[in-house]
Amino acid sequence: MSFTYKNSGIALVTVLVISIGILGVVLGISSILALGAKRATADQSLSLKAQYGAESALSLAQARIQEAYSLMNNELEFLPTLQIYNVINYIISFCGHSNVQNPPEDISTWTEEQRNKGYLMCQADPVSVNDSNRFKILNDNIAQDVYSHLGISNASDYWQTTFNAQTISLNPDSDQALSMKLGLSPKEVKQMQDGSYRFYFRQDAIEATSNLLANGKIVASRKLRLSNSEGEFYLAIGRPSFSSYAYFVDNRSLLDGTPLYFPDGERFEGRVHVNKGALFYSSDPTRGTHVLKGVLVPANLISTGEQHL
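Just so we're aligned, residue 5 is where the sequence shown starts under my numbering, counting upward by one.
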């Protein structure tokens, strides 16, 4: 009887020991799972924060590019007095070097590709941080009040960073470092057979990066890339069309040098331009000089008829 009781006691102790062991294993697994879930939650939070930061930087990059496009498309205005030497200077600064090849005046010597796609005058060097004067064509031909309205204090720096094609740091001193790469850079300049010039820009993929830092180490990172905006675009400088003029001439004379005169009562339905002096007949030589759209007309050659300009 006592032997049976003794064996029963041993069995009970064994069951208790095994149960405690199983309970310890279960508690250990539960603790590991709880810590893992907590760590996963923290990692997910960091990942989401990095994701949101990268999306924010990408939106800023797109807004910056749209702003630059808007300035070039809507605010760029070349003065009528723009001369060829100004254009050449713009080309030199745009390309970053003076190795500019002027095309032959005889277009018949151009290749078919050059006639169709333009004569390559220069290829642009990459823009560096010291190239603050690379985009004189934009600095000089967009009104300063436009820059001021957008809060741009230095136009040279603005265009230099826009077309640098390098990574731009947005908040380097923060524990969430955001950066963007606009992908814009100058490409080349071509002269077309109609005499106009095209300044080509290249648009590569837009990139945005968000790095979360802890004690100087990256604990979470996200990088977004938008490649559907890749391509190229250009700015064109050319002579204005003469189709808006009712009368446009270099020198008002016949081939033998005989002057041409407009009689009294002559009427112009449109704009008038003469490069080397306008000769308008007048029966009243005492009226004084008169400036007609920038052309000085001698006193005894002013028309007394109606002129619509």
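Cβ coordinates follow ideal geometry from the N, Cα and C atoms, glycine included.
### Task
Check the DSSP bridge columns for Val104 and list the partner residues they point to.
Val104 is not bridged to any residue.
### Range of the contiguous alpha helix (DSSP H) that encloses Ala159
159-166
### Query
Short check: CB of Phe139 to CB of Gln170, under 8 Å?
no
### Query
In terms of residues, what are the limits of the beta strand (DSSP E) holding Glu3?
Nothing can be reported for residue 3, as the shown portion of the chain is limited to 5 through 313.
### Task
Below 8 Å on the Cβ atoms is my guess for Lys191 versus Tyr204; work out the distance and round it to an integer in Å.
4 Å
### Message
Using 8 Å as the threshold, is the C-beta distance between Gln70 and Cys99 below it?
### Response
no
### Task
Using the DSSP secondary-structure output, state which residues sit across from Arg226 in a beta bridge.
Ser214
### Message
Helix, strand or coil, according to DSSP, for Glu314 in the structure here?
### Response
In the structure as shown, the chain begins at 5 and stops at 313. Residue 314 is therefore absent and cannot be evaluated.
### Message
Out of Ser74, Ala181, Gly187, which one is the CA nearest neighbour of Thr166?
### Response
Gly187
### Task
Would you give the residue range spanned by the beta strand (DSSP E) that Phe237 belongs to?
235-241
### Task
Just grab the DSSP bridge partners of Ser173 for me.
Ser183
### Message
Are there any heavy atoms of the ligand NAD lying less than 7 Å away from the beta-carbon of Gly122, as far as the coordinates show?
### Response
Looking at this structure, you won't find the ligand NAD or any other ligand, since it has none at all.
### Proximity to Met196 [Cα-Cα], best of Asp149, Leu124, Ser183, Ser214
Leu124
### Message
Could you pull the DSSP bridge partners for Cys4 from this structure?
### Response
This structure does not reach residue 4, given that the chain is present from 5 up to 313, and the question cannot be answered.
### Query
What does a CB cutoff of less than 6 Å around Ala159 pick up in its chain, not counting 5 residues either side in sequence?
Asn143, Tyr151
### Task
Return the bridge partner residues of Tyr204 from the DSSP annotation.
Glu192, Tyr238
#### Entry: Residues bridged to Lys53 [DSSP beta-bridge criterion]
Lys53 pairs with nothing; no bridge assigned.
### Message
Just to confirm before moving on: does the CB-CB distance between Ile318 and Leu80 stay below 8 Å?
### Response
In the structure displayed, the chain extends from 5 to 313; residue 318 sits before or after that span and is not available.
### Message
Taking the alpha carbon of Asn134 as the reference point, which residue from Ser231, Leu239, Asn168, Gln87 has its own alpha carbon closest?
### Response
Asn168
#### Entry: Closest by C-alpha distance to Leu52, when choosing among Ser225, Arg229, Val91
Ser225
### Query
How many Å lie between Asn175 and Ser74 at the Cα?
26 Å
### Query
From what residue to what residue does the alpha helix (DSSP H) around Ser152 run?
148-153
### Message
Taking its Cβ as the centre, do 16 or more other Cβ atoms sit within 10 Å of Gly57, making it buried, or is it exposed?
### Response
buried
### Query
For Ile88, does the count of other Cβ atoms within 10 angstroms reach 16, so buried, or fall short, so exposed?
exposed
### Message
The alpha helix (DSSP H) that contains Leu75, what's its start and end?
### Response
Element bounds for Leu75: n/a, residue is neither H nor E.
### Task
State the start and end residues of the unbroken alpha helix (DSSP H) segment that holds Asn219.
No alpha helix (DSSP H) holds Asn219; DSSP gives it neither H nor E.
### Task
Please determine, among His101, Lys121, Ala65, the residue with the shortest C-alpha to C-alpha distance to Val131.
His101
#### Entry: C-beta atoms of Leu62 and Ala212 nearer than 8 Å
yes
### Message
To the nearest angstrom, how far is the alpha carbon of Ile222 from that of Asn215?
### Response
6 Å
#### Entry: Nearest-angstrom Cα separation, counted from Asp260 out to Ala72
53 Å
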